[in-house]
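Peer 1: Residues in the sequence shown are numbered consecutively from 7, following my numbering. We put the CB at the ideal spot given by N, CA and C, even for glycine. Here the structure is a predicted model, which is why all the values come from computation and not from measurement.
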Amino acid sequence: TGVRVGLTKVSDVVGYDIVDGVKTNVDGKLYYRGYSLNDLVNGSAKSTRGYEEVMFLLLFGFLPNKVELDNFSKVFRSMYTLPSNFFESVLLRNPGKNLMNVLQNAVLTLYNYDEEPDNVDVYSTLVKGIRISASLPVIMCYAYQAKRHYFYNDSLIIHYPDEKLSMAENILQMLRVDQKFSKNEAALLDTILILHADHGGGNNSTFTNVVVSSTGTDIYSTIAASIGSLKGPKHGGANISVVQMMKAIKDEIGITTDEKKIRNIVNRLLDKDFFDCSGLVYGFGHAVYTITDPRAELLREYCETVAKDKDRLDEYHFYEEFEKTVKKVVFERKGTTISSNVDLYSGFAYNMLGIPEDLYTPLFVISRNIGWVA
7 TGVRVGLTKV
17 SDVVGYDIVD
27 GVKTNVDGKL
37 YYRGYSLNDL
47 VNGSAKSTRG
57 YEEVMFLLLF
67 GFLPNKVELD
77 NFSKVFRSMY
87 TLPSNFFESV
97 LLRNPGKNLM
107 NVLQNAVLTL
117 YNYDEEPDNV
127 DVYSTLVKGI
137 RISASLPVIM
147 CYAYQAKRHY
157 FYNDSLIIHY
167 PDEKLSMAEN
177 ILQMLRVDQK
187 FSKNEAALLD
197 TILILHADHG
207 GGNNSTFTNV
217 VVSSTGTDIY
227 STIAASIGSL
237 KGPKHGGANI
247 SVVQMMKAIK
257 DEIGITTDEK
267 KIRNIVNRLL
277 DKDFFDCSGL
287 VYGFGHAVYT
297 ITDPRAELLR
307 EYCETVAKDK
317 DRLDEYHFYE
327 EFEKTVKKVV
337 FERKGTTISS
347 NVDLYSGFAY
357 NMLGIPEDLY
367 TPLFVISRNI
377 GWVA
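1) Going by DSSP in three states, Lys29 sits in which element: helix, strand or coil?
2) Starting from Cys147, follow the alpha helix (DSSP H) in both directions and report where the run begins and ends.
3) Could you give the residue range of the alpha helix (DSSP H) that holds Glu175?
4) With a 10 Å radius around its C-beta and 16 neighbouring C-beta atoms as the bar for buried, classify Asp45 as buried or exposed.
5) Among Asp160, His165, His205, Thr263, which has the Cα closest to the Cα of Leu64?
6) Answer with buried or exposed for Glu94, where buried requires no fewer than 16 other C-beta atoms within 10 angstroms of its C-beta.
7) On the DSSP bridge list, what partners appear for Tyr41?
8) If Ile225 and Gly289 are in contact, beta carbons under 8 Å, what's the gap, nearest whole angstrom?
9) Helix, strand or coil: how does DSSP classify Asp76 here?
10) Buried or exposed, going by whether 16 or more other CB atoms sit within 10 Å of the CB of Asp299?
11) Report the three-state DSSP secondary structure of Gly206 (helix, strand or coil).
12) Going by DSSP, which residues form a beta bridge with Asp299?
13) Can you give the Cα-Cα distance for Ala302 and Val348, rounded to whole angstroms?
14) Can you check whether the CB of Asn215 is closer than 9 Å to the CB of Ala231?
15) Determine which residues share a DSSP beta bridge with Ile163 and list them.
16) With C-beta atoms as the reference, is Leu97 less than 9 Å away from Ala149?
17) Do you know how far the Cα of Val217 is from the Cα of Ser373?
18) Go ahead and pull the three-state DSSP assignment for Phe62.
19) Below 8 Å on the Cβ atoms is my guess for Val249 versus Gly353; work out the distance and round it to an integer in Å.
20) In the DSSP assignment, what are the bridge partners of Tyr22?
21) Check whether the Cβ atoms of Met251 and Tyr325 lie closer than 9 Å to each other.
22) Grouping DSSP H, G and I as helix and E and B as strand, with all else coil, what is Phe337?
23) When the distance is taken between beta carbons, is Leu236 closer than 9 Å to Val371?
24) If we ignore side chains and look at the alpha-carbon of each, how far apart do Ser346 and Asn91 end up?
25) Compute the distance between the beta-carbons of Val28 and Tyr295, then report whether it is under 9 Å.
26) Can you name the residues that DSSP bridges to Ser90?
27) Could you check if Thr212 is buried or exposed, using at least 16 other CB atoms within 10 Å of its CB as the buried criterion?
28) Taking 8 Å as the limit between beta carbons, can you name the residues of its chain near Leu132, skipping five residues before and five after?
29) Starting from Phe290, follow its DSSP beta bridges and name the residues at the other end.
30) Beta carbon of Gly56, beta carbon of Thr197: below 9 Å?
This is the structure in structure tokens:
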């Protein structure tokens, strides 16, 4: 019918150029409102609130100056606190086995705490969207603690969010018993949040967001639908497959940089003779990126810094060698270039931060929500 869908000015995903009418693969690039992801991440390297700067950019279309960022951060952080009795009535009384479903339910329940939940004008939607973004990390951390308490008889330890801290810092302090974290740990998590903040209009959850919101429904219903999309193993849930595959590989050959051993395991994966016998190597390949995924390139770099701090460089080098070997073997067998994607290193990053697997995909939601709102 000639109807175009999935178009957006919020972000742009680039995996190829057209030269003289010929499609040519290039190193991947990702732009937020016209700004290169690499520039945004590297520009926020000395800060732990780079994600808040990116939030502002995605929402308003330009980078804030210091005063604008300070004011935005103040407003955003003032929204950390959940509605009165929300934790006790919603999260503690109804703990869930899958936290993605808990997030969906919690977002839908926030509708009942809004005096004008069906007001969908631009200003109202903006405020509601920012408030949901501020609430999601707290909901996730509390829901996780409730799950551990209810299903595994762990002690229930709840830390309140701190308005002096960024989103990344708050997540770390709310999850940890001692509430302590290093600057490099916070910078790594902040970077992960930036990398997942948006990714064009064609990915499944963002497309779901656009389709549902186009009916004029409330933002809570829209965000809940997008969370349901992101839960799927072919979308946001793919990072869990990478984690499970890498664990199986390490159990089989250990943490090694021996190319021969790694090459053997890669061939077994491709021959459907290892792990889930699907013939897939999880953490590789992308619908748009062909040579490199800029998110994976940046995350690899930040992982190295924290790996040094935590004396896990051997494991980091194992991931590096695995990545190189997969690319070699796939090219030798199929004659095609394949890129690693952001999922390859995200599980390793979360593991170094002590973040449990239950939270890998919910963290994707927390990051991507601002892209949905924008």
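Peer 2: Working from what's here:
1) Within the sequence shown, the letter at position 23 stands for residue 29. It is a strand residue.
2) As a working note, residue 147 is residue 141 in the sequence shown. Taken as a continuous stretch (DSSP letters only), the alpha helix (DSSP H) holding Cys147 covers 128-158.
3) On the sequence shown, position 169 is the one that residue 175 refers to. Note, Glu175: alpha helix (DSSP H), 173-181.
4) Working through the sequence shown from its first residue, we reach residue 45 at position 39. Exposed is the call here.
5) Taking the first residue of the sequence shown as position 1, residue 64 is located at position 58. When only C-alpha atoms are compared, the closest one is His205.
6) Here residue 94 refers to the residue found at position 88 of the sequence shown. It is exposed - the Cβ of Glu94 has fewer than 16 other Cβ atoms within 10 Å.
7) Position 35 of the sequence shown, counted from the start, is the residue given in the question as residue 41. DSSP lists Tyr38 as the bridge partner or partners of Tyr41.
8) Mapped onto the sequence shown, residue 225 falls at position 219. Mapped onto the sequence shown, residue 289 falls at position 283. The pair is not a contact, with the Cβ atoms about 33 Å apart (cut-off 8 Å).
9) Your numbering for residue 76 matches position 70 in the sequence shown. The answer is helix: DSSP assigns Asp76 an H, G or I state.
10) For the purposes of this step, residue 299 is identified with residue 293 of the sequence shown, where counting begins at 1. Result: buried.
11) Residue numbering aside, residue 206 sits at position 200 when the sequence shown is read from its first letter. The answer is coil: DSSP assigns Gly206 none of H, G, I, E or B.
12) Position 293 of the sequence shown, counted from the first residue, corresponds to residue 299. For Asp299, which the question treats as bridged, DSSP gives no partner whatsoever.
13) If you number the sequence shown from 1, residue 302 lands on position 296. If you number the sequence shown from 1, residue 348 lands on position 342. Cα to Cα, Ala302 sits roughly 4 Å from Val348.
14) Locating residue 231 in the sequence shown gives position 225, where the first residue counts as 1. Locating residue 215 in the sequence shown gives position 209, where the first residue counts as 1. Yes. Within cutoff.
15) On the sequence shown, residue 163 is found 157 positions in, with the first residue counted as 1. DSSP lists no partner for Ile163.
16) What you label residue 97 is simply residue 91 of the sequence shown in a count that begins at 1. What you label residue 149 is simply residue 143 of the sequence shown in a count that begins at 1. Yes, the pair counts as a contact, with Cβ atoms nearer than the cut-off.
17) What you label residue 373 is simply residue 367 of the sequence shown in a count that begins at 1. What you label residue 217 is simply residue 211 of the sequence shown in a count that begins at 1. If you draw a straight line from the Cα of Ser373 to the Cα of Val217, it is about 20 Å long.
18) As a first step, residue 62 must be located in the sequence shown, where it is residue number 56. Phe62: helix per DSSP, three-state reduction.
19) Within the sequence shown, the letter at position 243 stands for residue 249. Within the sequence shown, the letter at position 347 stands for residue 353. The pair is a contact, with the Cβ atoms about 4 Å apart (cut-off 8 Å).
20) Within the sequence shown, residue 22 is the residue found at index 16, counting from 1. DSSP lists Asn31 as partners of Tyr22.
21) As a working mapping, residue 251 is identified with position 245 in the sequence shown. As a working mapping, residue 325 is identified with position 319 in the sequence shown. Cβ atoms of Met251 and Tyr325: not closer than 9 Å.
22) As a working mapping, residue 337 is identified with position 331 in the sequence shown. In the three-state reduction of the DSSP assignment, Phe337 falls in the helix class.
23) Stepping through the sequence shown from its first residue, residue 371 is reached at position 365. Stepping through the sequence shown from its first residue, residue 236 is reached at position 230. Yes, they are a contact pair.
24) Position 340 of the sequence shown, counting from 1, holds the residue named residue 346. Position 85 of the sequence shown, counting from 1, holds the residue named residue 91. Looking at the two C-alpha atoms, the distance is approximately 44 Å.
25) To locate residue 28, count along the sequence shown from 1; it is residue 22. To locate residue 295, count along the sequence shown from 1; it is residue 289. A distance of 9 Å or more separates the beta carbons of Val28 and Tyr295.
26) Numbered from 1 along the sequence shown, position 84 holds the residue referred to as residue 90. DSSP, once it has assigned bridges, lists no residue as partnering Ser90.
27) The sequence position of residue 212 within the sequence shown is 206, counting from 1. With 16 or more other Cβ atoms within 10 Å, it is buried.
28) Residue mapping note: residue 132 aligns to position 126 of the sequence shown, counting from 1. So the qualifying residues of the chain are Leu65, Val379.
29) Looking up residue 290 in the sequence shown gives position 284. In the DSSP output, where bridge partners are listed per residue, Phe290 has Ser346.
30) Start at 1 with the first residue of the sequence shown, and residue 56 comes out as number 50. Start at 1 with the first residue of the sequence shown, and residue 197 comes out as number 191. Yes, Cβ-Cβ distance for Gly56 and Thr197 is below 9 Å.
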